[in-house]
Amino acid sequence: DQPINIHLTGCPNSCAQHYMGDIGLLGTKVTLSGERVEGYNVVLGGGFGEKQAVAREIFKGITFSELPTLLEHVLRKYLDLRKQGESFADFTRRHSVKELQEMFSEY
16 DQPINIHLTG CPNSCAQHYM GDIGLLGTKV TLSGERVEGY NVVLGGGFGE
66 KQAVAREIFK GITFSELPTL LEHVLRKYLD LRKQGESFAD FTRRHSVKEL
116 QEMFSEY
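Residue 92 in our numbering sits at position 77 of the sequence shown; the count goes up by one each step and never skips.
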């Protein structure tokens with residue numbers, strides 16, 4: 016199987032380079048029922064080396080409590096729908112942002 020790199024940052028300068036991971040998480044504040052809570056913007060499809068790419072933002076304002084369910088759903092969809100031997104980066108790159116949002120919207 017293929018490794019999946021997850022980059023997490025809360026730094027507004029992107030010190031952990033969330034946009035370069037297969038999955039990138041940028042900490043942010045999200046309004047939920049009128050209150051500001053911890054949350055993340057989620058980007059997918061980044062990479063280094065021969066397959067370098069900047070990840071694309073797929074979800075914005077996901078609360079901390081929603082994040083585990085979303086990530087599990089994303090990874091299960093990848094495992095179910097990928098081509099044989101296809102990396103997570105290649106899987107996300109062969110779909111448009113809209114297709115990925117629709118594919119993962121059921122979380």
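All C-beta atoms, glycine included, are put in the ideal place defined by N, C-alpha and C.
Outcome for residue i when other beta-carbon atoms lying within 10 angstroms are tallied against a minimum of 16
{"i": "R91", "result": "exposed"}
{"i": "F119", "result": "buried"}
{"i": "L94", "result": "exposed"}
{"i": "L23", "result": "exposed"}
{"i": "I21", "result": "exposed"}
{"i": "D37", "result": "buried"}
Beta-carbon proximity of residue i to residue j, cut-off 8 Å
{"i": "G76", "j": "V112", "result": "no"}
{"i": "G42", "j": "G60", "result": "no"}
{"i": "T84", "j": "Y34", "result": "no"}
Beta-carbon contacts of residue i that lie in its chain and below 6 Å, excluding the five residues immediately before and after
{"i": "G62", "result": "A68, A104"}
Bridge partners - residue i, DSSP secondary structure assignment
{"i": "E72", "result": "V58"}
{"i": "V52", "result": "V45"}
Same chain, Cβ closer than 7 Å to residue i, neighbours up to 5 away in sequence not counted
{"i": "T107", "result": "L59, G60, L115"}
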